[in-house]
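Colleague: Pasting in a structure now, in structure tokens, and then I'll have a few things to ask.
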Amino acid sequence: AVAAAYCQGIGLGQIAAGIRAVQRIKGRLEVAYQDDDIKVVIDFAHTEDSLEKALTTLRPFTDGRLILVFGVYAAPGKDGSGKREAMGKVAAQYADFCVVTSDNPKNQDPDAIIAEVSEAVASAGGEYRGIVDRREAIEYAIAMSRKGDVILIAGKGHETTQVIGKTEIPFNEAEIVGEIMSSRA
């Protein structure tokens, strides 16, 4: 973007001011928590491509393990099963440990979804644990973290609900991470 603007004759001072004015995009590599030991990042990554990009972007900033919390949602009118194997393989390839959980299971059996994704993670050589309750999955990832670890919570990003059956349950991951970290202090 900088090079394109510069080639169009826009001065470096104006380009720098424009970059400083850019707002952070909520739910895209959003740092929900950071201290001297760990970093917790939230991202909307919900396809194998976006998950790969999020994980490879975070890897250079990870001194310890890259821990992934994710699930594969049930798309409207679809069951999402076509994505489960691909997402599991990407997770196994780029994360050091995966916590496979629910992501808007709607009317599908969350245990069955998690089992299918977990099988893909395992078949690709990944380490994982399946936890149906998404909050418990986040708590588990934080509890297992060590100094230098980065935790990526993927799939919901900016979304603030979890759909189970036909019920939308309030579920703001940034707030949940804050609550968990406050209770640890």
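Last residue of the sequence shown: number 185 in the UniProt record's numbering, and the count goes up by one each step with no gaps.
Every residue, glycine too, gets a C-beta built ideally from N, C-alpha and C.
(1) For arginine 20, is the classification buried or exposed, using 16 other Cβ atoms within 10 angstroms of its Cβ as the cut-off for buried?
(2) For the beta strand (DSSP E) that glycine 130 lies in, which residues bound it at each end?
(3) Which of the three DSSP states, helix, strand or coil, is assigned to lysine 166?
(4) Just tell me which of Val40, Val177, His46, Arg129 has its CA closest to the CA of isoleucine 114.
(5) Short check: CB of serine 145 to CB of isoleucine 138, under 8 Å?
(6) What residue range is occupied by the uninterrupted alpha helix (DSSP H) comprising lysine 156?
(7) In angstroms, rounded to a whole number, what distance separates the CA positions of glutamate 52 and alanine 17?
Modeller: From the atom records:
(1) Exposed, since its Cβ has fewer than 16 Cβ neighbours within 10 Å.
(2) Unbroken beta strand (DSSP E) run through glycine 130: 128 to 130.
(3) Lysine 166: coil per DSSP, three-state reduction.
(4) For the set Val40, Val177, His46, Arg129, the Cα lying nearest the Cα of isoleucine 114 is the one of Arg129.
(5) Not a contact, by the Cβ cut-off of 8 Å.
(6) Run containing lysine 156: none; DSSP gives neither H nor E here.
(7) One Cα belongs to glutamate 52, the other to alanine 17, and the distance between them is close to 31 Å.
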